[in-house]
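Structure first, then comments.
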Amino acid sequence: MFKSIVPITKERHLDKKVRAVDNFDFIKDVHIVSIMVHEFSRAASVYPIVFLEDQTKDEFKPVVLTGLEEGENLFVTDNKWEGSYIPAIIRRYPFALAKTDEDGRYTICIDEASDFVNDEEGQELFTKDGEA
60 MFKSIVPITK
70 ERHLDKKVRA
80 VDNFDFIKDV
90 HIVSIMVHEF
100 SRAASVYPIV
110 FLEDQTKDEF
120 KPVVLTGLEE
130 GENLFVTDNK
140 WEGSYIPAII
150 RRYPFALAKT
160 DEDGRYTICI
170 DEASDFVNDE
180 EGQELFTKDG
190 EA
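For the sequence shown, the working numbering begins at 60 and goes up steadily by one.
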């Protein structure tokens, strides 16, 4: 889903705009989607929740299965989402949060490779004066 995540900065993204997500082509080939604990009750009514081991951190991450095989998403048909609940990570696309340091601080990032990020149409990330 995410291809080129970078922190949002005024210097790099002053003229960038973000179109509203109007199709789910970006997630049609993804069969597992990360979720947060607060999503469990809504997500469990639609998708199976499983826990994948993250061996780099020696912990387990909750995900929902949207397909049974890699490269398939049974909840995207004709670029439309068919499930009654859309996981938060998909709803906030092309934005993401990333830890910036050991203190647990986060920064807002954007997927620059997303079709929804461009220079022509959508909501500006910054005003012409550089205000967010």
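Every residue, glycine too, gets a C-beta built ideally from N, C-alpha and C.
In this structure, the alpha-carbon of residue 122 lies about 17 angstroms from that of residue 156. Runs of the beta strand (DSSP E) lying entirely within the region 92-142, each at least 3 residues long, are 108-113, 118-124 in chain order. Secondary structure at residue 84: helix, using DSSP grouped into helix, strand and coil.
Rounded to whole angstroms, the gap between the alpha carbons of residue 172 and residue 74 is 15 angstroms. By the Cβ test, the region 124-134 is in contact with the region 84-99, since at least three Cβ pairs between them sit closer than 8 angstroms. Just so you know, the alpha carbons of residue 79 and residue 175 end up roughly 7 angstroms apart. For residue 65, the closest of 114, 181, 154 by C-alpha to C-alpha distance is 154.
Apart from the 5 residues on each side of it in sequence, residue 146 sits with its Cβ closer than 7 angstroms to the Cβ of 92, 94, 98, 102, 123 in its chain, given in chain order.
When DSSP states are grouped into helix, strand and coil, residue 183 belongs to the strand group.
Annotation: the continuous beta strand (DSSP E) that includes residue 167 extends over 165-170. Setting aside the 5 residues that flank it on each side, residue 131 is surrounded in the same chain by 90, each with a C-beta closer than 6 angstroms to its C-beta; the list follows chain order.
Taking each of 161, 166, 168, 139 in turn and checking the Cα distance to residue 82, the smallest one comes out for 139. Under the DSSP assignment, residue 148 falls outside any beta strand (DSSP E), being part of the alpha helix (DSSP H) whose first and last residues are 147-150.
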